[in-house]
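Just so we're aligned: the sequence shown equals residues 1 to 341 in our numbering. As structure tokens, the structure follows; a few thoughts come after it.
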Amino acid sequence: MKILVTGAAGFIGFFTAKRLLERGETVVGLDNFNDYYEVSLKEARAAVLDKFDEFTMRRIDLADRNAMESLFADEKFDKVVHLGAQAGVRYSIENPHSYIDSNIVGTLHILEGCRHHDVEHLVFASSSSVYGANSTMPFSVHQNVDHPLALYGATKKSNELMAHTYSSLYGLPTTGLRFFTVYGPYGRPDMAPIKFTKNILDGRPIDVYNYGNHSRDFTYIDDIVEGVIRTMDHDATANESWNSAAPDPGTSSAPYRIYNIGNQKPVELMRFIELIEENVGKKAEKNLLPMQAGDVRDTWADTSDLSADVGYESQTPIEVGVKKFVEWYLEFYKVDLKKTE
1 MKILVTGAAG
11 FIGFFTAKRL
21 LERGETVVGL
31 DNFNDYYEVS
41 LKEARAAVLD
51 KFDEFTMRRI
61 DLADRNAMES
71 LFADEKFDKV
81 VHLGAQAGVR
91 YSIENPHSYI
101 DSNIVGTLHI
111 LEGCRHHDVE
121 HLVFASSSSV
131 YGANSTMPFS
141 VHQNVDHPLA
151 LYGATKKSNE
161 LMAHTYSSLY
171 GLPTTGLRFF
181 TVYGPYGRPD
191 MAPIKFTKNI
201 LDGRPIDVYN
211 YGNHSRDFTY
221 IDDIVEGVIR
231 TMDHDATANE
241 SWNSAAPDPG
251 TSSAPYRIYN
261 IGNQKPVELM
271 RFIELIEENV
281 GKKAEKNLLP
291 MQAGDVRDTW
301 ADTSDLSADV
311 GYESQTPIEV
321 GVKKFVEWYL
331 EFYKVDLKKT
341 E
């Protein structure tokens, strides 16, 4: 197959493209290499992908309508994995326009490309942020998600609604994946694992919000990618028993599905920090702070639908995942632990 992976120089997109290439697919990656975080990390990911003969990177902005139309017309994709977006809950509070441009306008261009060029299946990234003010645990795709707490979550909910419309109007199979706190090698520097690890090694305090009273369904990148690819291979279909008088938010009478991808084992934030401390051999100095605007206290994914439909099960315990992450960090950033003692 020829597969478009958007956000291919990003964290999840990079690993997804790499796994597809390793199994013999032809992959076209799309990324705009913006400077939301250090571009050198994006270039490092892209350099790994460029070693594959069946890979091409296209440096295009999702919001560029003409470039996106030309891309779909030229390449004739079989399937699309849309992982490109402006990420970050906190950044969305100060920079809302970038989320509309990338996450709303960009996703429209993806949907239009799939519609007009006979794409077999569109898999797109949603987020656990759509659960917003929900507090019933674990979070289920069968819950309503109408109360987002930040614009980032609102754009991801909008993407789900947009995709459903295209599935309903044009019969385009679409599947949305709500990712839960992804971590691992090559992770984004604006996320807690790299920020914590860097500051601990540098002897600087780490900011711990809600005084550490958070839990997160930390999910290792390999498990996320396994779910993405299993889902891509399993085209969305209509739920024949869907009832419009009691509508199920996770399915539809159209070929549309929503799934959670998580580890199903919430971990206390303080435990996550302890594991980083153990693996770098240093204690963190903690700057305990109140809850940040737009944040939620806890997350916990119910992945039973994904397990039933594609056989997904997370495989990486948090102890193993953090160890692998720290090993990568020390090697990639050339850290000598003896000099940080």
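Glycine is no exception: its CB is placed at the ideal position from the N, C-alpha and C atoms.
Span of the beta strand (DSSP E), counted from its first residue to its last, around residue i
i: alanine 125; result: 121 to 127
i: aspartate 207; result: 206 to 208
i: isoleucine 3; result: 2 to 6
i: glycine 176; result: 174 to 179
i: leucine 288; result: 286 to 288
i: glycine 29; result: 26 to 30
C-alpha distance - residue i paired with residue j, whole-angstrom precision
i: lysine 324; j: arginine 45; result: 17 Å
i: arginine 188; j: threonine 237; result: 33 Å
i: asparagine 239; j: serine 168; result: 12 Å
i: leucine 20; j: lysine 42; result: 18 Å
i: phenylalanine 14; j: threonine 340; result: 30 Å
i: threonine 174; j: aspartate 235; result: 8 Å
i: glutamate 313; j: alanine 47; result: 30 Å
i: tyrosine 36; j: lysine 157; result: 22 Å
i: arginine 90; j: valine 208; result: 14 Å
i: glutamine 264; j: serine 304; result: 9 Å
i: aspartate 302; j: glycine 262; result: 8 Å
i: alanine 399; j: asparagine 287; result: Only positions 1 to 341 of the chain appear in this structure, which leaves residue 399 out of reach.
CB contact flag (residue i, residue j, <8 Å)
i: tyrosine 256; j: histidine 116; result: no
i: proline 205; j: glutamate 75; result: no
i: serine 126; j: tyrosine 152; result: no
i: glycine 259; j: arginine 178; result: The sequence given here places tyrosine at residue 259; glycine does not occur at that position. Contact flag set, yes.
i: valine 182; j: valine 81; result: no
i: leucine 269; j: serine 215; result: yes
i: aspartate 31; j: arginine 65; result: no
i: asparagine 279; j: valine 326; result: yes
i: lysine 79; j: glutamate 54; result: no
i: tryptophan 328; j: aspartate 217; result: no
i: phenylalanine 52; j: isoleucine 3; result: no
i: aspartate 202; j: threonine 316; result: no
i: lysine 282; j: isoleucine 200; result: yes
Reduced DSSP secondary structure (H/G/I, E/B, other) of residue i
i: valine 81; result: strand
i: glycine 106; result: helix
i: aspartate 217; result: coil
i: phenylalanine 327; result: Reading off the sequence shown, one finds glutamate at residue 327, where the question assumed phenylalanine. Correct three-state label for glutamate 327: helix.
i: histidine 311; result: The question names histidine, yet the displayed sequence has glycine at residue 311. Looking at glycine 311 - three-state DSSP - the assignment turns out to be coil, as it is neither helix nor strand.
i: methionine 57; result: strand
i: phenylalanine 139; result: strand
i: glycine 294; result: coil
i: glycine 113; result: helix
i: glutamate 240; result: coil
i: glutamate 38; result: coil
i: threonine 231; result: helix
i: alanine 67; result: helix
Buried/exposed call for residue i, threshold 16 Cβ in 10 Å
i: alanine 246; result: exposed
i: glutamate 160; result: buried
i: asparagine 95; result: exposed
i: proline 185; result: buried
i: serine 140; result: buried
i: tyrosine 166; result: buried
i: asparagine 243; result: exposed
i: serine 135; result: exposed
Start-to-end residues for the alpha helix (DSSP H) that takes in residue i
i: tyrosine 256; result: Not the alpha helix (DSSP H): tyrosine 256 falls in the beta strand (DSSP E), residues 256 to 261.
i: leucine 184; result: Inspection of the sequence shows that residue 184 is occupied by glycine rather than by leucine. First-last for glycine 184: undefined, no H or E at that position.
i: glycine 13; result: 11 to 22
i: proline 193; result: 192 to 202
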